[in-house]
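For the sequence shown, position 41 matches number 33 in this note's numbering, and the numbering has no gaps at all.
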Amino acid sequence: MQLLVEITVLTEPELIKVKQPQDYPAYINIGRDGLIVELSFYKGLLLPQVPVEQEWNTEEYLSHTCMKAGCPLTHGLKQL
-7 MQLLVEITVL TEPELIKVKQ PQDYPAYINI GRDGLIVELS FYKGLLLPQV
43 PVEQEWNTEE YLSHTCMKAG CPLTHGLKQL
C-alpha cells in the first residue's frame, strides 16, 4: 500500500483591489494563486492546485470559492 502526502506552502494572503468586480479574473493566476473569499462571517478557501485538477477557468474558480464560503453562486463576480 502506498501513501501519497501533498503539502501546500502558503504565503501571507494579499487583498486583490479592483475597481469593478469583473476585473478579478485578470489578477488571478491559475495554478499559482489560492483564493480566500470573505463576505461578512462567511469564508472559503481553495488551494492553487484545485482549479488545475478540476480544469476550471478563473471565473469558475471564483464561483466555486464563493460556494465554499457559503455565498450563493449569484454573488460570484458581482459582489466579491
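Cβ coordinates follow ideal geometry from the N, Cα and C atoms, glycine included. Computed from a predicted model, the values in this text were never measured in an experiment.
Around the CB of A18, fewer than 16 other CB atoms lie within 10 Å, so the residue is classed as exposed. Between G36 and T3, the gap from beta carbon to beta carbon reaches 8 Å or more. Unbroken alpha helix (DSSP H) stretches of 4 residues or longer found wholly inside the segment 0 to 48: 41 to 46, given in chain order. Relative to V1, the option among T50, V44 and R24 whose CA is nearest is R24.
The Cβ-Cβ distance between G26 and P40 falls below 8 Å. Looking at P43, E(-2) and L(-5), the one whose alpha-carbon comes closest to that of I22 is P43.
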